[in-house]
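K.L.:
Mind looking over this structure? Questions follow.
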Amino acid sequence: MTVSVKLFATLRKYLPEDAVNKTATIELGDQATAGDIIAQLAIPDGHIHLILIDGKHSAEDTPLTDGAVVSFFPPIAGGA
């Protein structure tokens, strides 16, 4: 299956070199999960705070479907 992957903020450094507009197209096996993307892109543990699959809050073990858009967000800190 093919999915689109969007990485935000500090995670962008893990995008493949062929990514366009901060989005990568990735080929995965039929039973792939969001965790498989994390492994394929070699994103270290603890670097992802939020996963959205087609705009819905999801977990690493959520199964993917062909054509899904998967977005990963890092922990965000700040405030005053």
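Residue numbering for the sequence shown follows our numbering, starting at 374 and increasing by one per position. Glycine residues also receive a C-beta, built at the ideal position from the N, C-alpha and C atoms. Quick caveat, the model's predicted, so the values are computed rather than measured.
(1) For Glu390 and Thr398, I'd like the C-alpha separation in whole angstroms.
(2) Please name the residue or residues paired with Pro436 in a DSSP beta bridge.
(3) Do you know how far the Cα of Thr435 is from the Cα of Thr406?
(4) Is it buried or exposed, Ala455, if we count other Cβ atoms within 10 angstroms and call 16 or more buried?
(5) Tell me the DSSP secondary structure of Ala397 in three-state form.
(6) Going by C-alpha distance, which of Leu437, Ala450 and Ala382 is nearest Gln404?
P.N.:
Straight from the coordinates:
(1) Here residue 390 refers to the residue found at position 17 when the sequence shown is read from its first residue. Here residue 398 refers to the residue found at position 25 when the sequence shown is read from its first residue. Going by the C-alpha atoms only, they are around 11 Å apart.
(2) Locating residue 436 in the sequence shown gives position 63, counting from the first residue. Beta-bridge pairing links Pro436 to Thr406.
(3) By one-based count along the sequence shown, residue 406 stands at place 33. By one-based count along the sequence shown, residue 435 stands at place 62. Distance from the CA of Thr406 to the CA of Thr435, rounded to the nearest whole angstrom, comes to 5 Å.
(4) For the chain, the structure presents residues 374 to 453; residue 455 sits outside this window and is missing.
(5) Against the sequence shown, residue 397 aligns to sequence position 24. Ala397 falls in the strand class under three-state DSSP.
(6) As a working mapping, residue 404 is identified with position 31 in the sequence shown. Nearest option by C-alpha distance: Leu437.
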